[in-house]
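Some notes on the structure that comes next.
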Amino acid sequence: MEAHADKYSQAFNLESLRKLENNQIPEKELYKYSSNWYKNFDEMGKKTILRQLFSKYGILSTELQQAIEFEDKSVNIENGSFLPDVPEDIPDIPDIIDDPIPTEVANETEQIDLDKL
Numbered sequence: 151m152e153a154h155a156d157k158y159s160q161a162f163n164l165e166s167l168r169k170l171e172n173n174q175i176p177e178k179e180l181y182k183y184s185s186n187w188y189k190n191f192d193e194m195g196k197k198t199i200l201r202q203l204f205s206k207y208g209i210l211s212t213e214l215q216q217a218i219e220f221e222d223k224s225v226n227i228e229n230g231s232f233l234p235d236v237p238e239d240i241p242d243i244p245d246i247i248d249d250p251i252p253t254e255v256a257n258e259t260e261q262i263d264l265d266k267l
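Just so you know, we're using the numbering used here here: the sequence shown kicks off at 151 and counts up by one.
Written out as structure tokens, the structure is:
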């Protein structure tokens, strides 16, 4: 893991880690070693191993996660979006009433001045 961190992490240097472990870094320069690779080397190593395993055998991207989640769902041809599965036991929605809007309501809506909104 040390060799991997030394090779791939821009915030880590193996030689500097050895100096830090042996208290060879002056106290006024310790701020330079605030990377998690210096503070929590074991945890960063575990995270790196897990990320590599997930990238090889798992699913990291949200797009791939969504693709698997919606694998068996229908797709809207027009815009490519997924159509949700509709359970068969949903009751029918009643038709909209065909009664016209009462005259007093219609008149009120006509009197609204859009410029005042």
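Idealized CB from N, CA, C, for every residue including glycine.
Which stretch, first to last residue, makes up the alpha helix (DSSP H) that contains residue i?
| i | result |
| --- | --- |
| residue 183 | Residue 183 -> no alpha helix (DSSP H), and no H or E assigned at all. |
| residue 161 | Note, residue 161: premise wrong, no alpha helix (DSSP H); not H, not E. |
| residue 175 | From DSSP, residue 175 is part of no alpha helix (DSSP H); its letter is neither H nor E. |
| residue 205 | 191-207 |
Taking the alpha-carbon positions, what's the residue i to residue j distance?
| i | j | result |
| --- | --- | --- |
| residue 183 | residue 200 | 24 Å |
| residue 216 | residue 181 | 41 Å |
| residue 203 | residue 162 | 22 Å |
| residue 172 | residue 192 | 18 Å |
| residue 197 | residue 206 | 14 Å |
| residue 213 | residue 219 | 10 Å |
| residue 174 | residue 195 | 23 Å |
| residue 176 | residue 166 | 12 Å |
| residue 211 | residue 158 | 21 Å |
If residue i and residue j are in contact, beta carbons under 8 Å, what's the gap, nearest whole angstrom?
| i | j | result |
| --- | --- | --- |
| residue 152 | residue 164 | 5 Å |
Can you determine whether any heavy atom of the ligand PLP sits closer than 7 Å to the C-beta of residue i, and answer yes or no?
| i | result |
| --- | --- |
| residue 204 | For the ligand PLP, the structure offers nothing, since it holds no ligand at all. |
Going by C-alpha to C-alpha distance, which of the options sits closest to residue i?
| i | options | result |
| --- | --- | --- |
| residue 168 | 160, 178, 187, 158 | 187 |
| residue 160 | 185, 178, 175 | 185 |
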